[in-house]
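J.: Encoded as C-alpha cells, here's the structure I'll be asking about.
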Amino acid sequence: MMRVTISGIGVAAPGIADWTQARAAIARGRAGDSTETIFPPPVILGGAERRRSPHSGRLALHVAEQARAMAGLDGQEIAAVFGSNTADGAVTVRTLETLTDEAPYVSPTDFHNSVHNTAVGYWAIGAGSHQPATSISAGDDTFAASLLKAAMQTLDGGRPVLMCVYDIPFPDPLRDKLPMSGPFGAALVFEAGRGERTIAGISLEIAGADAPLTRPAGAHWRALFDGNPAARCIPLLERLAGAGGEGPLVVGYVGASALSVRLSQ
Amino acid sequence: MSAMLPLPVTAYTAVTCLGAGVGAIAEALKSERGGLTPCDLRGVEFSTWTGRVAGIEDRPVSGRLARYDCRNNRLAQMALNTDGFAEAVGDCIGEYGAARVGVVLGTSTSGVAEGERAFQARSGSGGRLPDWFEFRHTHDIHALSSFVAEYLGAQGPCLTVSTACSSSAKVFADAAQLIGHGVCDAVVVGGVDSLCLLTLFGFRALELTSPDLCRPNDSGRSGMSIGEAAGFALLRGGDAPRTGLALLEGYGESSDAHHMSSPHPEGVGAYMAMKAALDAAALEAADIDYLNLHGTGSHINDVVEAKAVMRLFGPDLPCSSTKGWTGHTLGAAGITEAVISLVALREGIMPGNLNLRKLDPEIGTAVLGATVVAPVRRVLSNSFGFGGNNCSLIFGRPA
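Sequences listed follow chains U and B, in order. Just so you know, we're using our numbering here: the first sequence kicks off at 388 and counts up by one. Just so you know, we're using our numbering here: the second sequence kicks off at 104 and counts up by one.
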C-alpha cells in the first residue's frame, strides 16, 4: 500500500481545454459542443524551443503546466514521469517518409523530436528542473505504470512528482496500425504529505489479476476511454470531480496484477 | 530513498558487435580488440562506422511469438539465450511466482527498422502500409518489453523506459523502486537498440557521427560510431543473499534543463547524477576505483563530461569510454556499459579508452590508454541522453 496526495490536475481532450471544463463536462454528464483539442504553443518555453516543440509535446506541456500551477509549485522542485504510447506520431511519419527518399534528409529538429522523451525533455527545459525525469510506455497500461512510478518516485525522492500521460492518434498511414479515438492528455502532481493545496489523498495497492478494469461512469467518455490508453485515467478524474461512485478503482494492470486505487478527501 | 540498496545482481549478459556473452566482452577488453567496422547497411551511402552484431539475420523470432519478429526483438532473443540468462529468470519465476518478477527495459528506437521496411514497401506515397507490418509488436516503443516478458513468462510489472541514451541505465532505478516497495521480488532490467536508418541519418544531420572510427576523448575526435546491442541483468531483493555476482550499490538521475540535443555546457546534470549515485550508495568520491564514461566521441559530450568528473572526482580517478569497443549503442548503452562494468569487477580490470591516440588537452581527467589489470571494488558508469537526461550507476563487488 502506497499513500501520496494529489495537489494539481491538468486535462485536455476534444472539447476540453482544462480541469474546470473537464469538471463541468463530468457534472453535466456530457461533453461540450466543441470537438476541438487544444495544442497551444507552450508558455513555459522560450522562442526557439516553443517554435520547435512538436504537436504531442504541446498537449503534454499544456496539461503539465495546468497541474503545476494548481499545485502552486516551482517547476524546479518537481521530478517528472511522462507516459505515452505514440509520443509524436507526426514526426514519426515524417521521418519514416523521408527515409524512403533517394537522398533521405532527417532534419535535426525532427530527429531530436523523434525521441520518446521529447515532451519531458522540453518540460524540464521550460521548468528549469534538474530533478529526475523519465518517459515510459507500458502499452495500454501506460497510465497504470505511470501512476505507480510516480507514487514510488514521490515517496523515494523527497520531492513532488508531475505525472503526465498523453496519446494522440497517428496520422496516415500509421493511423490504421494503432487506431485511436482522439487525443487525450492529463497531468497530476503528487506529493508525499498533505498541504494547503491538497485535493485528495490517494492510496495504491496491487490487487489480483481478475479484478475488472473500472470504466467511466459517464457514457460520453467511453469512446475516448476505449480508444486511447492515456484516457484510462478518466475514471480517476471522475472521482476527483466528485462523481463516479465510491470504493476502490482498478485503473489498469501492472503485468498480470490489477492496480487498485482509493481516494480520500 | 529506497531501503533496498545494495541490490544483488544475480545474472547478466550482453550481445554486442564483440560477440555473444560476457566472455566475448572480457576477451575483447583484455586484447584491446574492438568490434566497429565500416557501415555496410543498405541505404547508407555516407561514410560511417558501426558496431554491427553478426547473425541476427539468421535468427528469426518464430513460433507463438512470430508476430514480434524484427531486428530489435531478434537481438533481444539472442541475448536472452546467452550466459544462461533465460534459465536464471526461469529459476526466479519458479521461486517467487511469475507475478512477482518484473521486466523494465530501455530502448530508443525499438523496432523502427520494421517501420522503415514497411514504408519502403508502400506502393506509392499515398498508399497503405503492408498487412505484414505488425506495428504494435515490432515498431511500437513497448514492443521490446512485451516480447521479453512473454518470452520469459514474467508477469510482474512490465514497462519500457525511453529516454534516449540513458534508457537502459535508468531501468536499474525502476527495478530498485519496484523491489524496495514490495511490488516485485526480482526484476529483469536491460535494453536493446538495433541499427536503423533513422539514427544513422538523424545523428548525421546533427553532425554527431564521425566518418571514421570513434575516438572518445581524443584531441582529433570527430563524433560517434553507432552500435547495436542487447543486454540484460537480473536484480533480486527479498531474501536473496547479499552476495551474488555483484551489487547495485547506488543510482543517481538528473536533468540538464538546457537543450534537447546538447548537454549543459558546465555538465551540471552530469555532476548531479554522479553525486546523487554516491549519496544513494552512502559513498565518497574516493570509494570509486574506475569510472566508465558516457564518452560518445562527440566533441562536446567528452569535454563537458570531463568537467563534471573533474569537479567531483578530481584528476586522478582512472576512467575511460568503452564506446571504442562497442560503439554508442544508444538506448542499450546503459546496460551495455553496466555489463562492461560488471565484467571489470569480475575480471579485476579497468578497461582502457580504446582508439585513443592523443588525449584532448582540454580533458584533464585520468583517461586510461590501455586496459589495466588491477583490483576493482567499485565502478561508476555514466549514461547521458537527449533531452538532457542523465543517469549514473554504481556497482560493487560483494564484500
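Where is the CB? At the ideal position from N, CA and C, for every residue including glycine. Remember, predicted model here, so these are calculated numbers, not experimental data.
Short of 8 Å Cβ to Cβ, which residues in the stretch 249 to 273 of chain B face chain U?
T.: Per Cβ criterion, the list reads S249, A252, A257, Q258, G259, P260, C261, L262, T263, V264, S265, T266, A267, K273.
J.: Please return the same chain residues whose Cβ sits closer than 8 Å to the Cβ of L178 (chain B), not counting the five positions on each side in sequence.
T.: Within the same chain, L178 (chain B) has close Cβ partners V118, V156, I159, V295, S297, E331, A332, A333.
J.: Under the rule that 16 or more other beta-carbon atoms within 10 Å means buried, what is I466 (chain B), buried or exposed?
T.: Buried: at least 16 other Cβ atoms inside 10 Å.
J.: Exposed or buried, which one is F149 (chain B) when buried takes at least 16 other CB atoms within 10 Å?
T.: Looking at its Cβ environment, which holds fewer than 16 other Cβ atoms inside 10 Å, F149 (chain B) is exposed.
J.: Just to confirm, are D405 (chain B) and G398 (chain B) a CB contact at a threshold of 9 Å?
T.: Closer than 9 Å, so yes.
J.: State the DSSP-derived secondary structure class of G437 (chain B), mapped to helix, strand or coil.
T.: Helix, per DSSP.
J.: Helix, strand or coil for E190 (chain B) per DSSP?
T.: Three-state result, E190 (chain B): helix.
J.: Assign G490 (chain B) to buried or exposed, taking buried as 16 or more other Cβ atoms, counted over all protein chains shown, within 10 Å of its Cβ.
T.: Counting Cβ neighbours within 10 Å, G490 (chain B) comes out buried, since at least 16 surround it.
J.: Counting along the chain, where does the beta strand (DSSP E) carrying T119 (chain B) start and finish?
T.: Note, T119 (chain B): beta strand (DSSP E), 110 to 119.
J.: For S358 (chain B) versus S394 (chain U), is the C-beta distance shorter than 9 Å?
T.: It is not a contact, given that the beta carbons lie outside the stated cut-off.
J.: Give me the residue from B:C422, B:G488, B:T312 with the minimum Cα distance to M363 (chain B).
T.: Answer by Cα proximity: B:G488.
J.: Roughly how many whole angstroms lie between the Cα atoms of T585 (chain U) and D563 (chain U)?
T.: If you take the alpha carbons of T585 (chain U) and D563 (chain U), they lie about 41 Å apart.
J.: Any idea if T407 (chain U) is buried or exposed, counting beta-carbon neighbours within 10 angstroms, 16 or more meaning buried?
T.: Label assigned to T407 (chain U): exposed.
J.: Here's the rule I'm using: 16 or more other beta-carbon atoms within 10 Å means buried, otherwise exposed. How should Q463 (chain U) be labelled?
T.: Exposed, by the Cβ-count rule.
J.: Given 8 Å as the limit, is there contact between the stretch 470 to 477 of chain B and the stretch 130 to 137 of chain B, that is, 3 or more CB pairs closer than that?
T.: At 8 Å Cβ cutoff, the stretches touch.
J.: Straight-line CA distance for I196 (chain B) to G259 (chain B)?
T.: I196 (chain B) and G259 (chain B): Cα-Cα distance of roughly 10 Å.
J.: Within 10 angstroms of its Cβ, does W235 (chain B) collect 16 or more other Cβ (buried), or is it exposed?
T.: Looking at its Cβ environment, which holds fewer than 16 other Cβ atoms inside 10 Å, W235 (chain B) is exposed.
J.: So T601 (chain U) and P622 (chain U) are supposed to be a Cβ contact under 8 Å. How far apart are they, rounded?
T.: T601 (chain U) to P622 (chain U), Cβ: 5 Å. Contact.
J.: Would you please verify whether the beta carbon of M52 (chain B) is less than 9 Å from any beta carbon of chain U?
T.: Residue 52 (chain B) lies beyond the range of chain B shown here (104 to 502); nothing can be said about it.
J.: What span of residues does the beta strand (DSSP E) with V295 (chain B) cover, start to end?
T.: Segment 289 to 296, the beta strand (DSSP E) holding V295 (chain B).
J.: For chain U, check one thing: does any of its Cβ atoms lie closer than 9 Å to the Cβ of E219 (chain B)?
T.: Yes, contact with chain U.
J.: Give every residue of the same chain whose Cβ lies closer than 6 Å to the Cβ of G544 (chain U), excluding the five residues on either side of it in the sequence, and list them in chain order.
T.: Only A466 meet the Cβ criterion.
J.: Can the beta-carbon of A414 (chain U) be found closer than 9 Å to that of A604 (chain U)?
T.: It is not a contact, given that the beta carbons lie outside the stated cut-off.
J.: Run the CB neighbour count on Y199 (chain B), radius 10 Å, all protein chains shown included, and call it buried at 16 or more, exposed below.
T.: Buried is the call here.
J.: Could you check the C-alpha separation between E423 (chain U) and I555 (chain U) for me, to the nearest Å?
T.: Spanning the two alpha carbons is a distance of roughly 13 Å.
J.: Using a C-beta cutoff of 9 Å, does L309 (chain B) count as contacting chain U?
T.: Interface residue, yes.
J.: To the nearest angstrom, report how far apart A279 (chain B) and D288 (chain B) are at their CA atoms.
T.: Answer to the nearest angstrom: the Cα atoms are 10 Å apart.
J.: Give a yes or no on whether the minimum CB-CB distance between V638 (chain U) and chain B is below 9 Å.
T.: No, V638 (chain U) does not count as interfacial toward chain B.
J.: My guess is that A384 (chain B) and E352 (chain B) are in contact by the Cβ rule of under 8 Å, so how many angstroms apart are they, rounded?
T.: 4 Å between Cβ atoms; contact.
J.: Check for me: the beta strand (DSSP E) holding V479 (chain B) runs from which residue to which?
T.: Taken as a continuous stretch (DSSP letters only), V479 (chain B) belongs to no beta strand (DSSP E), as it is neither H nor E.
J.: Are there 16 or more other CB atoms within 10 angstroms of the CB of Q223 (chain B), so buried, or fewer, so exposed?
T.: The residue is exposed, with fewer than 16 neighbouring Cβ atoms inside 10 Å.
J.: Mapping the DSSP letters down to three states, classify E592 (chain U) as helix, strand or coil.
T.: DSSP places E592 (chain U) in strand when its eight states are reduced to three.
J.: Among U:L646, U:A643, U:S524, which has the Cα closest to the Cα of S213 (chain B)?
T.: Taking only the C-alpha atoms, the option nearest S213 (chain B) is U:S524.
J.: Return the chain-ordered ranges of every beta strand (DSSP E) run that is complete within the stretch 540 to 576 of chain U and spans a minimum of 3 residues.
T.: Counting whole runs of 3 or more residues, the stretch 540 to 576 of chain U contains the beta strand (DSSP E) stretches 548 to 554.
J.: Using the beta-carbon of each residue, which ones in chain U are nearer than 7 Å to E356 (chain B)?
T.: Result: P519.
J.: If you compare alpha carbons, which of U:I512, U:D559, U:V478, U:A514 is closest to G230 (chain B)?
T.: Comparing Cα-Cα distances from G230 (chain B) to each of U:I512, U:D559, U:V478, U:A514, the minimum goes to U:D559.
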